[in-house]
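Counting with the numbering used here, you get residues 62 to 454 for the letters of the sequence shown.
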Amino acid sequence: MPRYSERLLGLPDYPMAAIPAKKRELVARGVDVIDLGAGDADLAPPPAAVRRIAEAAANPAMSRYGFGLGLMEFRESVVRWMRGRFGLGFDPLKEIVPLLGSKEGIAHLALAYVNRGDVTIVPEPGYLSYLGGTLLSDGEPYVCALRRENDFLVDIDAIPRDVLKKARILYLNYPNNPTAAVAPLDYLERVVKLCRELDILLVYDNAYSEIAFDGYVPPSIFEVDGARDVAIEFHSVSKSYNMTGWRCGWAAGSLELVGPLAQVKTFVDTGNFMAVQAAAASALDSSAGFLPGNVAVFKERRDAAVAAFTECGFACTTPKATMYLWIPLPEHITSAEFAQFLIEEEGVVVMPGSNFGVGGEGYFRVSFVTSPERIREAAVRAGRVLTRLSVGA
Ligand SMILES: Cc1ncc(COP(=O)(O)O)c(C=O)c1O
C-alpha cells in the first residue's frame, strides 16, 4: 500500500464533508430534515446569470480551456464591480485573478508565500481553508482565538512579537464566518499598519461583503490607506448571488502580490468553464437589480431566526451581516453533543462551533438557508433539545 504524506495525515477532517451522507440516511428513514448547516442558500441565482450560461454553453468557443486568462469580459465586469461598490480601480489583466470559487484561491495562496515551518496567523473559529492551505504548504498555523469580549476581532496586540516576526500571512474574514462579526475601519487600519511594518501578507476574505443589513456596508480592505502594499482580497459570487455550486470567485490586489497566486494556478488548473465566467459577469452586472431583493430575503430570515431562537431559550445577538447566527450554549453542553442530539433526535442540521476549531467550542452556527417558517420550526426543535440536555444538569 503506497504511504500517505505527513501533510495529508496532518489535516483535520473537513467537518462539512460528512453532512450530505448523514442527511441522506435520515431522509431515507423518513425524517423531516431541516438543514441549517452549510452556508448554501436555497435561493435562485440572478436570472441574468441563468440566461447567460445557457446561451454561453451553446457557443463551442466557451467549451475550450479558459487558461489563467479566462474570459476578458469576466475580468472587466469584476473591475467595474469593484469600482462601483468600493470606488476602487484595478487593472483587469494584472490585478485580478479569476478563481474556481474563492476557497480554491485561499487554499492555494499559501503555496506561493509559505516555506516549511513558516507561521501563518489563523483565526479560530474560522473558515477552515486558512488552516488547510497552511498545512498543505507545510506551514505552522498560529491559532488566534476570536472572543465575544473582543467583538470576535483578531486581537493583534495579544500575538507575541516573535510570532509576528515569523508570520508570513494573516488571514482575516469580516463580515465573519462563523461569528457574523464585522470589523470597524479603524481596526482594519491598525492591522494594515502592522502588516506593513512586518511584511506580513494580509489575506482579506470578503466572501460576505454584500450580505449586510440595517444600513451596514462592509468595506474593502483596499479602502484602508497602504493596504495595496500588503493585502490580497478574496471575493466570490457564491453567497451574494446564490451561486455556490457554480464555483467562481476572484482575488484582487497588486500584480506583485496576486501574480504568485496566478503562477501557482498555472500548474493546478486550466481556468474555470468560461460559460460560468460569462454568467458570473452577468450576475455582477445585474447587481443593482438583484442584490437589494436578495438581501431583503436574508434579512427576513435573519429576523425570523433571531426571534425564534431567542423565544426558544437561546441567547442571540442580531448580526449586521452574513447569513449566520452564532449562538452560545450553556456551559455544561458541548457543541458537538448538542449538534449530534439535534440531528439524531430532531432532524435539524446545525454546525457545532467545535467544527470551526476548538476556539468555536461553546457555540453553534445556524445558516439562513431556508424559509422563515422552516427556521422557526428548527428553533422549536432546537429548544426541545436544549431543555432535554439541561434537565438534571
Ligand atoms: C469565510 C468564507 N470564505 C470563503 C468561502 C468560500 O466560498 P466559495 O469557494 O464558494 O467562493 C466561504 C464559504 O463558505 C466562507 O465562508
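Glycine residues also receive a C-beta, built at the ideal position from the N, C-alpha and C atoms. None of these values were measured; they are calculated from a predicted model.
For the alpha helix (DSSP H) holding residue i, just list the boundary residues, first then last.
i    : result
G393 : Going by the sequence as given, residue 393 is His instead of Gly. H393 -> no alpha helix (DSSP H), and no H or E assigned at all.
A369 : 348–372
V325 : 316–327
R435 : 433–451
Y75  : It is not in any alpha helix (DSSP H) - Y75 carries neither H nor E in the DSSP assignment.
P108 : 108–118
V253 : 246–259
First and last residue of the beta strand (DSSP E) that includes residue i?
i    : result
V183 : 180–185
V88  : Counting along the chain, V88 falls outside any beta strand (DSSP E), though it belongs to the alpha helix (DSSP H) covering 80–89.
P202 : 201–206
I230 : 228–233
L262 : 262–266
Let's test the definition: count the other Cβ atoms within 10 Å of the Cβ of residue i and tell me whether it reaches 16, buried, or not, exposed.
i    : result
A168 : buried
Q338 : buried
K226 : exposed
G71  : exposed
F334 : buried
P245 : exposed
S198 : buried
T195 : buried
Y75  : exposed
S190 : buried
D218 : exposed
E407 : buried
L316 : exposed
T331 : exposed
D260 : exposed
A242 : buried
Y65  : exposed
V139 : buried
T448 : exposed
For residue i, which of helix, strand or coil comes out of DSSP?
i    : result
G129 : coil
E156 : coil
E294 : strand
A342 : helix
A273 : strand
I404 : helix
Y191 : helix
L149 : coil
S198 : coil
V215 : coil
P121 : helix
S66  : coil
G418 : coil
I220 : coil
G166 : helix
A102 : coil
A173 : helix
S138 : helix
A242 : coil
F375 : coil
V430 : coil
M304 : coil
Please identify the residue among the options whose C-alpha is closest to the C-alpha of residue i.
i    : options                : result
V264 : F283, R362, V278       : F283
G127 : T327, Y174, A400, V298 : T327
S297 : E317, D266, I436       : D266
V180 : M133, L262, E201       : E201
Y424 : P433, L318, P236, F375 : F375
T395 : G420, C377, D290       : G420
G131 : S299, E116, P153       : P153
A365 : G350, P221, S428, R449 : S428
A443 : F417, P413, R308       : P413
L69  : L192, V452, A89        : L192
G276 : R229, N416, K381       : K381
R437 : A397, F417, A369       : A369
I95  : G418, V410, D247, L450 : V410
A336 : R85, A89, S124         : S124
V111 : V319, W307, W142       : W307
E258 : L170, A292, G100       : A292
K300 : Y248, L450, Y385, R222 : Y385
Y232 : D212, L207, D247       : L207
Y248 : N238, D212, A268, I230 : D212
L104 : P121, P184, R362       : R362
V325 : N237, V252, G129       : G129
Residue i bridges to which residues according to DSSP?
i    : result
F425 : I388, P413
G310 : L160, S297
I95  : V409
A382 : A273
>> Strictly closer than 5 Å from CB to any heavy atom of ligand 3: give me those residues in the order they appear in the chain.
In response: Of the ligands this structure carries, namely ligand 1, none is ligand 3.
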